[in-house]
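2 protein chains.
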Amino acid sequence: MYKHLWSNGPKEGLEYPYYTFTDHFGKAIPSFLPRPAMRDYLEGRLVKKSKSDIKRFIKWNTAVRYVRYNKKSDDFTVTTENLKTGQTFDTNFTHVIVAVGIFNTPDKPYFEGIETFPGRIIHSHDFRDATQFKGQRVLVVGAKYSAEDIALQCLKFGATSIVTSYRSSPMNFKWPVGIEERPLVKKIQGKVVHFLDGSSTEVDSIILSTGYKYKFPFLEDNLRLSSSRTLYPAGLYKGSLWLQEGNKKLFYMGVQDQFFSFTMFDAQGLWICRYITDTLPNKLTNCEEMKKEAQKWVQRCRGLKGINEQIDFQADFIKDLSYGTGYSPDAPKANKFFHKWDSDKKANIVSYRDQQFTSLYSGTETAPCTKPWFQNFDDSISQFIKR
Amino acid sequence: MYKHLWSNGPKEGLEYPYYTFTDHFGKAIPSFLPRPAMRDYLEGRLVKKSKSDIKRFIKWNTAVRYVRYNKKSDDFTVTTENLKTGQTFDTNFTHVIVAVGIFNTPDKPYFEGIETFPGRIIHSHDFRDATQFKGQRVLVVGAKYSAEDIALQCLKFGATSIVTSYRSSPMNFKWPVGIEERPLVKKIQGKVVHFLDGSSTEVDSIILSTGYKYKFPFLEDNLRLSSSRTLYPAGLYKGSLWLQEGNKKLFYMGVQDQFFSFTMFDAQGLWICRYITDTLPNKLTNCEEMKKEAQKWVQRCRGLKGINEQIDFQADFIKDLSYGTGYSPDAPKANKFFHKWDSDKKANIVSYRDQQFTSLYSGTETAPCTKPWFQNFDDSISQFIKR
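First to last, the sequence lines map onto chains L and F.
The numbers in the first sequence follow numbering that gives the first Met the number 0, run straight up by one, and end at 386.
The numbers in the second sequence follow numbering that gives the first Met the number 0, run straight up by one, and end at 386.
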């Protein structure tokens, strides 16, 4: 995450049904939040909604070094390290939920000559502040959300020019002057970048917005999910329960590509709890049936065409997770916000964050922005909620 | 390591007794080598000296995930991952040698306000090319070898000004115009850095040359060395054998602060082999005696005054390791080169790399540099060996 990062989806699309933005902020606010305001909302939900700080259940400063499944005792041995004292411990658990996220290990491509490029090269993971690229010609490699946002950030904060480079297909937004898209990098000679279409350009810095690897180095191999980024990784019943090993006691949280994010995590977390506590109606127990069921979703996912089908697929995933858990049946209805968001972006990639929505739960309408996002250089929470 | 890095000690101080620089390059060369030439020498020793590539004994693309000592079977279970296939393995070994080095995990200080500094902040670990700081005002935090060299590099490649900041004591070299030393940073406000002496200055980038942590996250706690940087970490007999646990079958290579480096590693590696294969004369076996012996060295180390005593201490350490192993008794005599090196640096920190030495083993005298180091912007091996 970086300074001046604002959410790239409307808050109405990911709003918690039982803790709305109006519950938290006490008034209408714009639909796209700067990072500190979003954090404030998340913290508020943890503390206010639960009436007491649930962070006390977290064992801080503790790293998981290794996890094994023990066939004999049908449980897991989790090796942890207390990072303050250096002490290591083996502790047995009946269930394990892997919730480390999928955006921690950069996936970096290699291009001929990149090792002698004289400028700065970073992965988007290490991008902290677009002002550092002021006055520079920047190459952004990638064509997903990071590339899109970092290109805009660099332009907003004064980069001279930005060239983005795509592998499979361009983002094709109506880019403002200063941003252009080119095919994949072929090679780099000094400061000159050559592209597959035969064109070339000189740049001062390279930002690899090329995504992340699914990486779980602390799991033994048969417990380990291996996947490229997708809305439905294979091998997980309900997108959550690991079927290969661990006797249906190992779960993965949030390893899906995300539109809904917060509500998807909510629905998934609740489903996992219900599954573990055996409080689900008509719970499947047969592993083969689970595999078939999971495979159906994976198949459907592979056949999706375009972003609107992807959005609706994730809405259906949340619906499927919510069945019998008691989670809000309204959450999947936020798909309409993402449809609008997508068409807003296609209409104008610079102004989509200035658009308005109406909350599914509180009925609150978006407050207008004090300034358009592209002209707003103050991302403090005080500025954001002041009106 | 970074582009344009040249060795910061004379090659005669770390030359292999049985594979001299003249053996490798076939002629006299200057005493301070650019990075590619040093790598070439190391590779040559692995391949040429051993008559066949010993790299074939290395299991590549394999990460050690965890190491445990088994009291019952008196051996170690080493959990590894094949990074290509993702497969994990448990393998038992009678002995384990930890040789991952001590310069991999940055030790980063916190200063009030650093989180809102608008410029680039890196640790020296991520420093790649001084040209990236051309035209900038740079703060280098630290007062050891990295800080010293990175300050010089930045000046050499066009930084406008460099301020270094020390915690305990300044480096006190006769710095060229453009580099100055100040006490520790007190706080940072925007681009302005305030120091403990009440002075302040504006900078564009911050380079934390603040060293590394001893970090062995793959070892269970009772196998794990914990130390700050020193010439003799506590708990290791002959600076190598771990005494706390593992029944004298766990070794650490190269966890000492280094002057001699290559010959110290050589002497240490040979001692460890002799110890494991039980081919040492008068080998100590009593753990208490070993602890006493180790403690004597640690005590002596703590009492060292000044760099010349430190250099001689490491010479004695190599002598001690070499006793009965058959390693060259000449290696410790390279201490004289480090004494000269230290006085060269004190005389002129910019020109110490242009000075000349004579090999202990081949008698070869340093070839003069084609250009003084500070004016030499070509660090290629072809330029270096061409004369």
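Just so you know, even glycine gets a beta-carbon here, dropped at the ideal spot from N, CA and C.
- Proximity to Ala-142 of chain L across L:Pro-105, L:Val-162, L:Glu-219, L:Thr-61 peaks at L:Val-162, based on C-alpha coordinates.
- In its chain, beyond the 5 residues on either side, Ala-266 have a beta carbon closer than 6 Å to the beta carbon of Ser-321 of chain F.
- Judged by beta-carbon spacing, Met-252 of chain F lies beyond the 9 Å limit of Phe-261 of chain F, meaning their Cβ atoms are not closer than that value.
- Judged by beta-carbon spacing, Ile-53 of chain L lies beyond the 9 Å limit of Val-139 of chain L, meaning their Cβ atoms are not closer than that value.
- Of all residues in the stretch 61–75 of chain L, only Ala-62, Arg-64, Tyr-65 come within less than 8 Å of chain F when Cβ atoms are compared, listed by chain position.
- Only residues of its own chain outside the window of five on either side were considered, and among them Leu-269, Trp-270, Arg-273 have a CB closer than 6 Å to the CB of Thr-324 of chain L, listed in chain order.
- The beta-carbon separation of Val-66 of chain F and Glu-219 of chain F, rounded to 7 Å, stays under the 8 Å limit for a contact.
- Under DSSP, Trp-372 of chain F shares a beta bridge with no residue.
- Residue-level contact by beta carbon fails for Gly-157 of chain F and chain L, as no gap is shorter than 9 Å.
- If only complete runs of 3 or more residues are kept, the stretch 179–252 of chain F shows the beta strand (DSSP E) at 184–188, 191–194, 199–201, 204–207, 249–251, in order along the chain.
- Of all residues in the stretch 127–150 of chain L, those with a C-beta nearer than 7 Å to a C-beta of chain F are Asp-128, Thr-130, Gln-131, reading in chain order.
- When DSSP states are grouped into helix, strand and coil, Asp-73 of chain F belongs to the coil group.
- Annotation for Arg-136 of chain L: the continuous beta strand (DSSP E) segment containing it runs 136–140.
- Per DSSP, reduced to three states, the secondary structure at Trp-59 of chain F is coil, with no helix or strand assignment.
- CA-to-CA, the gap between Val-191 of chain L and Thr-200 of chain L works out to about 5 Å.
- Interface residue (Cβ-Cβ distance to chain F less than 9 Å): Asp-106 of chain L is not classified as such.
- Along the stretch 214–226 of chain F, going in chain order, the ones with a CB nearer than 7 Å to a CB of chain L are Pro-216, Glu-219, Asp-220, Arg-223, Ser-225.
- Taking 7 Å as the cut-off between beta carbons, the residues of the stretch 84–97 of chain L near chain F are Gly-85, Gln-86, Thr-87, in sequence order.
- In this structure the stretch 107–120 of chain L lies against the stretch 178–195 of chain L, because at least three pairs of beta carbons, one per stretch, are closer than 8 Å.
- Scanning its chain for C-beta atoms nearer than 6 Å, with the 5 sequence neighbours on each side dropped, one finds no residue around Thr-284 of chain L.
- One finds nothing in chain L with a Cβ atom closer than 9 Å to the Cβ of Arg-301 of chain F; even the nearest lies about 22 Å away.
- With its beta carbon at least 9 Å from every one in chain L, Gly-189 of chain F lies outside the interface.
- Close to chain L, meaning a Cβ-Cβ distance shorter than 8 Å, is no residue of the stretch 5–36 of chain F at all.
- Under the three-state reduction of DSSP output, His-3 of chain F falls in the coil class, being neither helix nor strand.
- Gly-118 of chain F and Asp-378 of chain F have their C-alpha atoms roughly 29 Å apart.
- The beta carbon of Glu-201 of chain L does not come within 9 Å of any beta carbon belonging to chain F, so the residue lies off that interface.
- For Phe-20 of chain F, the three-state secondary structure derived from DSSP is helix.
- Within a 10 Å sphere around the beta-carbon of Phe-376 of chain L sit fewer than 16 other beta-carbons, which makes this residue exposed.
- Contact note: Pro-117 of chain F reaches chain L through Lys-2, Asp-128, Thr-130, Gln-131, using a C-beta cutoff of 9 Å and chain order.
- Taken in chain order, the complete beta strand (DSSP E) segments of 3 or more residues contained in the stretch 91–134 of chain L are 95–97, 119–122.
- Beta-bridge analysis with DSSP links Ile-310 of chain L to no other residue.
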